[in-house]
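Peer 1: In the working numbering, the protein residues as written are -7 to 105. Where a beta carbon is used, it is the ideal one built from N, C-alpha and C, also for glycine. Okay, here's the structure, questions in a sec.
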């Protein structure tokens, strides 16, 4: 699980892994949600939990897999935006919309020789 919050040290939106926290404390201030839509839109097209770079636009990505890989990709989608464009006996072509990050590229490379 991940907590997405504004870091008070530098006013940057960051993601924090909850399992690293030892304890929590309830703040007395009200929550400022002026940047909530900006963050929600960013993470909607993220494939990982890297800190948001709101200047990076999401991309339409078309990928083609072998039939064997396609079965795996259908059972465990790469991203919630994944849609099937074409399914043949020997291949599966999908479309994604997301930010291209280092983690996403590494995930793709795990399917190659």
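Would you say the stretch 24 to 34 touches the stretch 58 to 68, given that touching needs at least three Cβ pairs under 8 Å?
Peer 2: Cβ pair count under 8 Å is below three, so no.
Peer 1: Measure the C-alpha to C-alpha separation of residue 59 and residue 88 and round it to an integer number of angstroms.
Peer 2: About 18 Å.
Peer 1: Please return the same chain residues whose Cβ sits closer than 7 Å to the Cβ of residue 86, not counting the five positions on each side in sequence.
Peer 2: Only 55, 65, 74, 75, 76, 77 meet the Cβ criterion.
Peer 1: So, using beta-carbon positions, are residue 84 and residue 53 closer together than 8 Å?
Peer 2: No. Outside cutoff.
Peer 1: May I ask you to list the residues that DSSP assigns as paired with residue 9?
Peer 2: Beta-bridge pairing links residue 9 to -6.
Peer 1: Give, in chain order, every unbroken run of the beta strand (DSSP E) that is at least 3 residues long and sits entirely within the stretch 20 to 95.
Peer 2: If we require 3 residues or more, the beta strand (DSSP E) runs fully inside the stretch 20 to 95 come out as 51 to 58, 75 to 79, 83 to 90.
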